[in-house]
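What follows is a single structure, written as structure tokens, with notes after it.
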Amino acid sequence: QIEQLAEARVFTTLDLENSYFHVPIAEDSRKYTAFVTHEGQYEFCRAPFGLCTSGNAFCRFINSALRELINEGIIISFVDDIIIPTKNEQEGISSLKRVFEVAEKSGLKFNWKKCVFLQRRVEYLGYVVYDGRIEPAEQQIEKVKRYPIPKTAKQLQRFIGLANENRRDYNLRKRPVRKYEVADLVALPVTQFGPGRKYRQRFYGPYIVEEILEHDRLRVQKLEDNSEGPLHTTTACSAVKPWAHPGRISFKVIGAQNGTHTAY
């Protein structure tokens, strides 16, 4: 999802305060969180850190609370790290108001000391994002440069794992990107998986390519309002695939005027 930031120029990053504590625990399940202190026995009313199911429960909670904003492409969320990519400061302020309204309804609280507002250069998930570029943060590079010379097979494995943190990006640079044209129909990958998603579709669609952007990116819009996925979004060419009808029939839009789309 971080590739979606290449089209934006102004960013706001938000950090949730005590993220897991946003998730309430059912009363009949609190007994499983009991712990003993010198003052007696207590039970958690909110999901604590360290509980094996807290991480998954929190991800489901935050995705549900912010689903509307995520589907509309207003925010990108990874666990408790939220970023709002916008084209300019005015759009950034408008998006912030929308996010705060949704956060207030869901009871979300932010750690204001870690929040960054309306900046043109930010660090997010170990990457530095600015002016359409997404680069590894300096500390990520320094980790590799300062890593001691491996002397055992185990140390070598650890170094390879550290050096390969960005291997996905390396592969994308080496592989030629498929070129799409305006009016092509494409499918978007499902980026959020939850209970029951294992046996469901892994791509949304169909989407029509509305505009070809810089850095091998596409602006697309959904054709069927009753289908899953965001109504419109910006995505990388490498993330999508040509749309194929369930009957294995390929489609291409031949007319896209006045909001109507004709396909064959």
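Numbering (the numbering used here), first residue to last: 56 to 319. We treat Cβ as the ideally placed atom computed from N, Cα and C, and that holds for glycine.
Sequence-distant partners of L151 (beyond 5 residues in either direction) whose C-beta falls short of 7 Å from its own C-beta, in its chain, are T67 and I139.
Distance from the CA atom of N73 to the CA atom of I263, rounded to whole angstroms, is 40 Å. In this structure, DSSP gives A291 an extended state, which the three-state scheme calls strand.
Take N166, set aside five residues on each side of it, and the residues of its chain with a beta-carbon closer than 6 Å to its own are D70 and E72, in chain order. With a contact defined as Cβ atoms closer than 8 Å, R272 and T288 miss out at about 11 Å. The alpha carbon of A63 has as its nearest neighbour, out of K169, A208, L243 and E269, the alpha carbon of E269. Counted as a single uninterrupted DSSP element, the beta strand (DSSP E) harbouring G260 occupies residues F258 to L268. In the assembly as shown, T141 is a buried residue. Its beta-carbon has 16 or more other beta-carbons within 10 Å. Restricting attention to F172, S119 and P191, the CA atom closest to the CA of S132 is found in S119. Of F104, K206 and Y259, the smallest CA-CA separation from V295 is found for Y259. Nearest neighbour of P297 by Cα position, chosen from S109, A61, S161 and L243, turns out to be L243. Scanning its chain for C-beta atoms nearer than 6 Å, with the 5 sequence neighbours on each side dropped, one finds around E190 the residues V183, in chain order. Taken atom to atom, the span from the alpha-carbon of Q212 to that of R201 is near 16 Å.
Note: Q276 is bridge-paired with I263 and H287 in the DSSP secondary-structure output. With fewer than 16 other Cβ atoms from the protein chains shown falling within 10 Å of its own Cβ, I196 counts as exposed.
DSSP, read as helix, strand or coil, puts D70 in strand.
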